[in-house]
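Engineer: Numbering (UniProt numbering), first residue to last: 1 to 733. The beta-carbon is built from N, C-alpha and C at its ideal position, and this holds for glycine as well. Quick one: this structure, given as structure tokens, is what I'll be asking you about.
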């Protein structure tokens with residue numbers, strides 16, 4: 001099995017993960033990395049690729065710009081371009097996710113192996129996985145990690161409006177994507193029962209939606225028991241020992257009484273983590289202050305003032321609470337720690353002093369930190385809302401409490417800090433039961449069992465959205481014919497019948513597409529009229545739109561590709577006032593990425609075109625200008641045209657341009673006939689194409705036969721088919 005995992009946002013690298021750097025680099029990053037590595041080690045798994053976004057930004061490490069990073073045997077981290085190269089928070093990635101879809105399809109096609117399944121993590125990657133799985137007709141697995149509807153409910157309780165949430169966090173779009181993912185997923189993996197039963201409660205779900213609760217594993221090589229230092233310290237990696245000393249020095253800066261146990265908290269500086277509930281409970285309890293120190297590691301920071309507003313407020317509130325309760329010498333709020341080595345040592349330092357770990361978040365979808373602390377032998381007190389309740393029940397290594405009840409939170413902490421037998425019991429339980437229930441080996445065994453159930457069944461993804469998977473067809477074609485319609489494909493009924501038969505006979509290896517200035521609805525009308533079926537690709541509106549297959553599935557990535565620097569309002573402002581130009585009145589001529597005019601007889605083209613180009617040059621709009629048949633003018637985004645659409649398809653499906661035959665008769669076919677494609681100019685061509693005879697940069701064949709007969713002649717010339725005469729005899733027999 002070859003498994004593709006996707007985690008689109010955040011900063012992901014194989015070593016020295018920057019956990020807590022920002023809201024997008026949290027537990028999900030660590031989870032997908034460990035899942036990839038451990039899945040790759042399972043029997044029957046041939047390879048695992050984890051896909052994420054490639055980032056080139058001076059503000060972050062150059063590690064994030066490496067296209068491929070080896071994570072282990074048969075396991076890679078694959079970074080693909082998606083939108084601007086700079087680092088963006090996840091809410092700003094939505095306009096570019098279709099680019100990632102296309103990049104991932106292209107990468108997969110070039111690798112030459114079809115995934116067994118595609119697994120998306122979080123809504124953005126869920127969308128990508130859904131689309132990629134549909135293309136290759138394989139199962140789609142979804143893990144939400146956190147969901148939009150519960151978050152919106154929380155935000156509104158904090159005073160946000162729906163409009164605020166949508167403007168700042170693209171919440172409506174996110175929730176719709178999550179619903180779409182649930183509608184077609186073959187498997188939804190959750191970490192806890194609470195996530196399955198509560199987080200997904202507000203979404204529509206079919207009765208047969210396949211949910212599996214599979215708790216994440218824990219890296220037991222990093223989170224070994226605290227007492228190993230006393231029993232076999234010679235076998236402990238020196239980097240852990242160095243981290244231990246580094247964290248001791250960091251804590252000593254706050255002048256702790258070193259003989260006291262430590263209450264440890266690790267979290268991002270986010271209001272939902274409810275850090276102040278812990279500080280308040282500690283600050284209002286003289287007993288807690290007398291017997292323990294408090295250490296809160298709230299993310300990584302250099303300067304609070306340079307951080308996002310939400311994080312600034314949380315950290316400022318922490319400092320104010322520290323001052324309000326006069327916790328100097330009792331409370332530490334260090335600025336930096338690494339997730340790789342420092343975090344495990346913090347747990348072990350707290351455990352060696354018989355301290356505790358506290359997670360006072362309002363809700364914790366899984367509660368990975370409670371698992372990690374338990375694995376080292378450090379008992380925990382955590383919120384009862386979410387995953388920690390499962391962990392407390394399964395591992396019997398901590399208390400799950402109502403963190404909004406300050407007295408209840410305080411009492412739970414006091415119990416573990418003063419009842420030594422209970423501390424010993426919970427510590428031992430954590431070490432033993434995490435290894436039994438929350439190891440990565442256990443997680444991956446359950447994962448493989450779950451996916452084996454779905455890979456032999458028909459995929460839900462294509463049928464649920466009412467469209468066939470185009471991927472298997474496009475992946476397998478060796479060559480393609482893409483032809484203009486009017487006066488090229490059409491115009492000679494006998495030759496057209498011959499061409500249709502040739503394409504039918506060669507369908508297994510030759511794909512068929514049309515490229516036209518017409519809108520899609522007009523293309524469909526003319527194709528139906530002439531009985532032309534089995535179309536793989538339609539390039540319509542002079543290259544402004546691309547559609548796949550009989551159901552005309554729009555290529556969304558093409559639209560995202562065209563949107564860059566396209567300012568249609570500026571085009572209208574520049575050209576609508578020119579007296580010799582008139583907007584074409586038919587509704588189908590004006591599209592999102594195409595503005596169409598007609599040139600009247602008041603000014604000849606050789607005088608009008610320089611004026612048009614000059615007007616457009618002053619707009620600053622990157623555009624393509626296509627003039628055809630002596631009077632029609634189309635303005636498109638600079639990335640759009642028939643030829644550019646063909647090059648896009650060539651790249652996406654890894655079909656060499658030399659294996660794509662293009663056929664046309666007029667000026668708006670020019671750029672698809674030039675370059676490396678097998679260009680065919682039919683015998684009834686417009687004089688506009690005569691200049692291609694002298695072109696040294698293109699390979700263009702000028703056929704003698706007209707219309708479809710010229711296409712057949714050109715296909716034979718390039719070796720796509722045998723002699724067209726033989727096919728003609730076969731059709732007439």
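Excluding sequence positions up to five away, which residues of its chain have a Cβ less than 8 Å from the Cβ of residue 307?
Structural biologist: 269, 301 and 315
Engineer: Could you say which of 71, 77, 99 and 73 lies nearest to residue 84 if we only look at CA atoms?
Structural biologist: Taking only the C-alpha atoms, the option nearest residue 84 is 99.
Engineer: What number of angstroms, rounded off, separates the C-alpha of residue 523 from the C-alpha of residue 516?
Structural biologist: Roughly 8 Å between the two C-alpha positions.
Engineer: Write down the C-beta distance between residue 130 and residue 180 rounded to the nearest angstrom, noting that I regard them as a contact closer than 8 Å.
Structural biologist: 7 Å
Engineer: Can you give me the C-alpha to C-alpha distance between residue 288 and residue 294, rounded to a whole angstrom?
Structural biologist: 9 Å
Engineer: Just the Cα atoms here: how many angstroms apart are residue 12 and residue 175?
Structural biologist: So the alpha carbons of these two residues sit roughly 24 Å apart.
Engineer: Beta-carbon separation of residue 32 and residue 121 under 7 Å?
Structural biologist: yes
Engineer: So the candidates are 278, 81, 441 and 19; which of them puts its Cα closest to the Cα of residue 404?
Structural biologist: Of 278, 81, 441 and 19, the residue nearest in Cα terms is 278.
Engineer: Which of the three DSSP states is assigned to residue 4 in this structure?
Structural biologist: Secondary structure of residue 4 (DSSP, three-state): strand.
Engineer: Considering residue 647, what are the terminal residues of the alpha helix (DSSP H) in which it resides?
Structural biologist: 642 to 653
Engineer: Among 609, 154 and 508, whose alpha-carbon lies nearest the alpha-carbon of residue 476?
Structural biologist: 508
Engineer: Out of 420, 80, 213 and 375, which has the shortest C-alpha to C-alpha gap to residue 228?
Structural biologist: 375
Engineer: I need the straight-line Cα distance from residue 487 to residue 710, nearest angstrom please.
Structural biologist: One alpha carbon belongs to residue 487, the other to residue 710, and they sit about 11 Å apart.
Engineer: What's the gap between the Cα of residue 426 and the Cα of residue 274?
Structural biologist: 24 Å
Engineer: Alpha helix (DSSP H) containing residue 154: first to last residue?
Structural biologist: 148 to 157
Engineer: In angstroms with no decimal places, state the Cα-to-Cα distance between residue 483 and residue 691.
Structural biologist: Spanning the two alpha carbons is a distance of roughly 20 Å.
Engineer: State the DSSP-derived secondary structure class of residue 554, mapped to helix, strand or coil.
Structural biologist: strand
Engineer: Rounded to the nearest angstrom, what separates residue 680 and residue 545 at their Cα positions?
Structural biologist: 22 Å
Engineer: Between which two residues does the beta strand (DSSP E) harbouring residue 68 extend?
Structural biologist: 68 to 72
Engineer: In this structure, how does DSSP classify residue 333 when only helix, strand and coil are distinguished?
Structural biologist: coil
Engineer: Work out the CA separation of residue 55 and residue 225 for me, nearest whole Å.
Structural biologist: 37 Å
Engineer: What would DSSP say about residue 446, mapped onto helix, strand or coil?
Structural biologist: helix
Engineer: Considering only C-alpha positions, which residue in the set 145, 109, 53 and 263 is nearest to residue 333?
Structural biologist: When the alpha-carbon of residue 333 is set against those of 145, 109, 53 and 263, the nearest one is in 263.
Engineer: Would you report the Cα separation of residue 211 and residue 446, rounded to the nearest angstrom?
Structural biologist: 13 Å
Engineer: Which one of 92, 718 and 412 has the shortest CA to CA distance from residue 480?
Structural biologist: Cα-wise, what sits closest to residue 480 is 718.
Engineer: Helix or strand or just coil, what does DSSP make of residue 254?
Structural biologist: Residue 254 falls in the coil class under three-state DSSP.
Engineer: Kindly list the residues whose CB is nearer than 6 Å to the CB of residue 189, restricted to its own chain and excluding five residues on each side of it in sequence; keep chain order.
Structural biologist: 143, 212 and 214
Engineer: Please determine, among 305, 453, 154 and 364, the residue with the shortest C-alpha to C-alpha distance to residue 117.
Structural biologist: The shortest C-alpha separation from residue 117 is found at 453.
Engineer: When burial is assigned at 16 or more other CB atoms within 10 Å of the CB, is residue 510 buried or exposed?
Structural biologist: buried
Engineer: Please state whether the Cβ-Cβ distance between residue 170 and residue 250 is less than 7 Å.
Structural biologist: no
Engineer: Excluding the 5 residues flanking residue 29 on each side, which residues of the same chain have their C-beta closer than 8 Å to its C-beta?
Structural biologist: 7, 10, 11, 12, 17 and 19
Engineer: Where residue 529 and residue 42 are concerned, what is the direct C-alpha to C-alpha distance, given to the nearest angstrom?
Structural biologist: 55 Å
Engineer: Select from 36, 620 and 705 the residue whose C-alpha is nearest the C-alpha of residue 767.
Structural biologist: Because the chain spans 1 through 733 in this model, residue 767 falls outside it and cannot be assessed.
Engineer: From residue 401 to residue 412, what does the alpha carbon distance come to, in whole angstroms?
Structural biologist: 8 Å
Engineer: For residue 154 and residue 271, I'd like the C-alpha separation in whole angstroms.
Structural biologist: 11 Å
Engineer: If you check the beta carbons only, do residue 261 and residue 355 fall under 7 Å apart?
Structural biologist: In this structure, residue 355 lies closer than 7 Å to residue 261 by Cβ.
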